[in-house]
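The opening position of the sequence shown corresponds to residue 4 in our numbering, with each subsequent residue numbered one higher. Report on the following structure.
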Amino acid sequence: MVNSVPERAVCSMSKHIIRNTGSGYRTHQADAVSSDSDMSTIVTMIATVIRKNFFLVTTVFGVIAGIVLGVALRSLEPSVQMISFVELPGEVFMRCLRLLILPMMIATIVSGSANLSGKAQGKMALLTLSIFMLTSLISALIGLCFVTAIYPGRDMSGLVGEDTSRQQSQKTPTLTDTFLDLIRNAFPENLIEATTHSGYSAYQSKNQTQLDGSVKEISKRVWHVRGGTNSLGLIVFCIAFGSTIGSMGTPADPLKHFFSALDSVIMKLVGIVMWFTPVGVCSLLCARILEAGDILLLFHQMALFILTVVSALSVELFGVQPILYFVLTRGNPFKLLLQLAYPGMCAFVCAASAPVMPLMLRALEDKCGVDKRVAKFVIPIGVTVNMNGTACFIAAATMFIAQMNNISLELSDYFAVLITSTAVSIAATSVPSAALFLMAMTLSVIGAPLSDVSLLFTTEWLLDRCRTVNNCLGDGVTAAIVSHLCDLKGEPDDDNGTDCNGVDDGCLDEKKSKITEDAPLNCPPV
4 MVNSVPERAV
14 CSMSKHIIRN
24 TGSGYRTHQA
34 DAVSSDSDMS
44 TIVTMIATVI
54 RKNFFLVTTV
64 FGVIAGIVLG
74 VALRSLEPSV
84 QMISFVELPG
94 EVFMRCLRLL
104 ILPMMIATIV
114 SGSANLSGKA
124 QGKMALLTLS
134 IFMLTSLISA
144 LIGLCFVTAI
154 YPGRDMSGLV
164 GEDTSRQQSQ
174 KTPTLTDTFL
184 DLIRNAFPEN
194 LIEATTHSGY
204 SAYQSKNQTQ
214 LDGSVKEISK
224 RVWHVRGGTN
234 SLGLIVFCIA
244 FGSTIGSMGT
254 PADPLKHFFS
264 ALDSVIMKLV
274 GIVMWFTPVG
284 VCSLLCARIL
294 EAGDILLLFH
304 QMALFILTVV
314 SALSVELFGV
324 QPILYFVLTR
334 GNPFKLLLQL
344 AYPGMCAFVC
354 AASAPVMPLM
364 LRALEDKCGV
374 DKRVAKFVIP
384 IGVTVNMNGT
394 ACFIAAATMF
404 IAQMNNISLE
414 LSDYFAVLIT
424 STAVSIAATS
434 VPSAALFLMA
444 MTLSVIGAPL
454 SDVSLLFTTE
464 WLLDRCRTVN
474 NCLGDGVTAA
484 IVSHLCDLKG
494 EPDDDNGTDC
504 NGVDDGCLDE
514 KKSKITEDAP
524 LNCPPV
């Protein structure tokens, strides 16, 4: 009995220690399980984000890889043949995209116009063209303000070349000629020819003997044909053709279904080509870096001009466009720009708006919730006539050359440059470096030499890509605004609903399909 109490005490203490030890172990085990659960949740979230933005992520990696490879291979001084091999994947990628542009433009515009009433089309066309003109005018004004405030042409007289433009006796096409050429191209004589060529006015000078024996030099306007798709003429015809199909009703239903099916097939092919975007982006960027000259010398000589243009383009893209979108829709503009980041990035690499058109259409329909009929109507027109980034660049570059040559300008000259830059930008085609060839008109307005345009070619590989991003994203913002302002709920929609076949750049419309959390959001086309 004497030892029973201590034994009971020891037993009780042992049970207490064991109980506390077990509780501590269970607590530690619970913390470990909780930590593993948090880590698993983070990994799942990251995987979900990557799945939803698969092509954006892979394209970013392609951009980084292209820059790294380009910088690394420059030290090896590769030959022209080696650069050609590096560029080959990107060149094939661009060829495939350009191959699909024409059939996609025809199918999307005809099918979209056929499913809209004439009243809806008129309202959309008026809104679209009004926004395009407004943003282009504001962009040109921003370019003028920045180049006037920063004055990048100071101390640049050493780079000014000899003026040979004034020695030319041939008459230069005027702004009026440009507008008349737009109207002429809008009504092509031959649709087959319009798919491969467009026209422009030029002047030929010849000497004519007068009755009194004197010789007088006269200029005659001649209509020339150049290579390149007459997009404006095709768009006008496709809108008229689609509207006629829609107005005929039941007898034209076979044609309506045909173009809707053709649209779906083309988008399917586009989806297949999009799988090669990261490789094509990497190849093109690497080749451009290898082809570039002395980059450090270029930035040293033209750094202030590059900074001026990039700053003006940034204000237009992240200032004017968001304000316009917010005022007209009360939506979040930066969310919209984030949703359009992937086509914007591809526009920077391609340096042209037309090849990015299928990406923009898919992003607007699937990610931004824009009515597909509005997107198919606005984007092809925007690719052709909306060049707000180009308007900004032309205005800034014109004033830059005037500053280099110490040309004194009046207020009327600034106004003339503003209007001319806006008008000329509409005539700019969606191909690389088109703006440099249109600057002759703006320079002639203020009497600046045309020869100094050659200085801008050294910066063109960078600035052309920057302004293309503005052009491309400006189309997307305009489409979102028009979709908000034009209520098409009452309009018939006879599309077969197969527009989302093929590769999706990370966003399937949740209203069309319910996808489980574990299922991949980017499946290869079948």
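From the three backbone atoms N, C-alpha and C, an ideal C-beta is built for every residue, glycine too. Please read these numbers as outputs of a predicted model, since none were measured by experiment.
Compute the Euclidean distance between the alpha carbons of residue i and residue j, then round it to the nearest angstrom.
i, j, result
"E90", "L137", "38 Å"
"F351", "C469", "6 Å"
"C241", "I49", "44 Å"
"R229", "T44", "59 Å"
"N389", "S139", "7 Å"
"K379", "G274", "16 Å"
"I53", "C349", "18 Å"
"D166", "L466", "Low local confidence applies: a pLDDT of 43 at D166 is under 50, so the model's placement there is unreliable, and no value is given."
"I86", "A128", "44 Å"
"I238", "D266", "15 Å"
"T461", "V313", "15 Å"
"E196", "F244", "18 Å"
"T179", "L446", "15 Å"
"L144", "L421", "6 Å"
"L59", "G283", "14 Å"
"K375", "I134", "19 Å"
"Q211", "S222", "10 Å"
"V377", "I109", "15 Å"
Can you have a look at residue i and say buried or exposed, based on whether 16 or more other CB atoms are within 10 angstroms of its CB?
i, result
"T199", "exposed"
"P361", "buried"
"N409", "exposed"
"Q84", "exposed"
"G216", "exposed"
"M444", "buried"
"M251", "exposed"
"N473", "buried"
"A75", "exposed"
"E319", "buried"
"V46", "exposed"
"T253", "exposed"
"M42", "exposed"
"T387", "buried"
On a Cα-Cα basis, can you pick out the residue from the options that is closest to residue i?
i, options, result
"G334", "F57, M277, V480 and E94", "V480"
"M97", "A354, I141 and L130", "A354"
"K55", "D369, S415 and V150", "D369"
"T247", "D180, A306, N118 and V66", "N118"
"C99", "G121, I112, V276 and S201", "V276"
"L316", "A110, C148, G73 and L76", "C148"
"M191", "M270, T332, W226 and T212", "As written in the sequence, residue 191 is Pro, which differs from the Met given in the question. Considering only alpha carbons, the answer is W226."
"A426", "T181, Q124 and L331", "T181"
"L194", "N233, E220 and L79", "N233"
"F64", "C489, C289 and S201", "C289"
Cutting at 6 Å between CB atoms, please list the residues of its own chain near residue i, excluding the five before and the five after it.
i, result
"I153", "T311"
Do the CB positions of residue i and residue j come within less than 8 Å of each other?
i, j, result
"Y203", "D184", "yes"
"A357", "I186", "no"
"P281", "T61", "yes"
"G236", "A189", "yes"
"D478", "V381", "yes"
"S286", "P81", "no"
"P383", "T111", "yes"
"S142", "A394", "yes"
"L343", "L476", "yes"
Suppose the cutoff is 7 Å on Cβ atoms and the five residues either side in sequence are ignored; what does the same chain contact list for residue i look like?
i, result
"M442", "I397, A400, T401 and V456"
"F403", "V150, P155, G156 and F308"
"V373", "L367, A482, A483 and S486"
"R77", "I292 and L293"
"L339", "Y328, C371, V480 and A483"
"W464", "R291 and A295"
Who are the near neighbours of residue i in its chain, counting only those whose CB is closer than 8 Å to its CB and skipping five residues on each side?
i, result
"Q213", "K219"
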